[in-house]
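Structure, as structure tokens:
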Amino acid sequence: MKVIKVKNYEELSVMAASIIGAQVINKPQCVLGLATGSTPIGTYEKLAEAYNNGILDFSEVKSINLDEYCGLSGDNNQSYRYFMNENLFNKVNIDKENTFVPDGTASDSEKECERYEALCASLGYADLQLLGIGHNGHIGFNEPDSAFAAVTHCVKLQESTINANSRLFEKKEDVPTSAFTMGIGTILKAKKILLVGGADKKDIIEKAIYGDVTPEVPASALQLHKDVTVIYVAE
Ligand code: GLP
């Protein structure tokens, strides 16, 4: 595991975008595993900047996103599909047909999980998976549990996650209570993983990368992967 401590959010964003950009340059037809949340917004801004400067070309890139709220359609401005369109896909020359996010409106959740996992498998999983982390150690929406989930599944969100994410909604009652998420097993199938965290995530990141490997801290599973880079803000 490569651990890089940076001084601030700007450095985090530049460094993460550089690693993702290098992936796109080295393999123009790569599959990027992408994440939502506030943390990667700066990274996506830097990627869009590099595209505008003619440095990056996303025309052959495909992407698979970690998760999506159940019940929200892609045109709902709280959905992760909407977030991705706004923060990255609309700003670069990626073909939206090549961007994949679980379908929050799927009526048969079991079928949707199977479909999404099979889709990830058919693309050969991510060449590079970008991850943020929740304060409780969740990655994607893999909440602390008694076992690591192997594949894409539907989860009931923890109260702490609903509270944390309610800042982005008009009121707490609007936050969906369940979500589709890649499993820890799906995430670990990525060839490379990049975990990023701001200053408020320092403690949980250190617990995840230096503490016990336990499903109580889902991100601790990253210790089992052979090619992980962690960038976080620490003084
Ligand atoms: C959400 C997402 C996660 C993300 C986490 C942290 O719950 N499902 O993928 O890592 O939030 O988000 P933030 O970067 O906003 O703290």
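One point on numbering: in numbering that gives the first Met the number 0, the residue at position 125 of the sequence shown is 124, and numbering is uninterrupted. For each residue, glycine too, the CB sits at the ideal point set by N, CA and C.
Going by the DSSP bridge assignment, what does residue i pair with across the sheet?
{"i": "Lys4", "result": "Tyr231"}
{"i": "Ala178", "result": "Tyr68 and Val154"}
{"i": "Gln77", "result": "DSSP, once it has assigned bridges, lists no residue as partnering Gln77."}
{"i": "Ser62", "result": "Leu31 and Thr98"}
{"i": "Ile138", "result": "Asn141"}
If you follow the beta strand (DSSP E) that residue i is in, where does it begin and where does it stop?
{"i": "Glu113", "result": "Looking at the DSSP string, Glu113 is not in any beta strand (DSSP E); the run it does join, the alpha helix (DSSP H), is Ser108 to Ser121."}
{"i": "Gly32", "result": "Val30 to Leu33"}
{"i": "Lys191", "result": "Lys191 to Gly196"}
{"i": "Leu130", "result": "Leu127 to Leu130"}
Since residue i and residue j are thought to touch, with beta carbons under 8 Å apart, how far apart are those beta carbons, to the nearest angstrom?
{"i": "Leu31", "j": "Ala125", "result": "6 Å"}
{"i": "Val195", "j": "Leu33", "result": "About 12 Å separates the two Cβ atoms, so there is no contact after all."}
{"i": "Pro214", "j": "His137", "result": "At roughly 11 Å, the Cβ-Cβ gap does not stay under 8 Å, so Pro214 and His137 are not in contact."}
{"i": "Asn135", "j": "Gln157", "result": "6 Å"}
{"i": "Phe88", "j": "Thr35", "result": "Phe88 to Thr35, Cβ: 12 Å. No contact."}
Verify whether the separation of the beta carbon atoms of residue i and residue j is less than 8 Å.
{"i": "Thr180", "j": "Val154", "result": "yes"}
{"i": "Leu55", "j": "Gly20", "result": "yes"}
{"i": "Lys191", "j": "Asp226", "result": "yes"}
{"i": "Asn7", "j": "Val229", "result": "no"}
{"i": "Ala47", "j": "Val91", "result": "yes"}
{"i": "Asn86", "j": "Ser62", "result": "no"}
{"i": "Ser72", "j": "Gly123", "result": "no"}
What residue range is occupied by the uninterrupted alpha helix (DSSP H) comprising residue i?
{"i": "Ala207", "result": "Lys201 to Tyr209"}
{"i": "Ile183", "result": "Ile183 to Leu187"}
{"i": "Leu46", "result": "Ile40 to Asn51"}
The ligand GLP heavy atoms versus the CB of residue i: any closer than 7 Å?
{"i": "Gly36", "result": "yes"}
{"i": "Gly133", "result": "yes"}
{"i": "Gly41", "result": "no"}
{"i": "Thr160", "result": "yes"}
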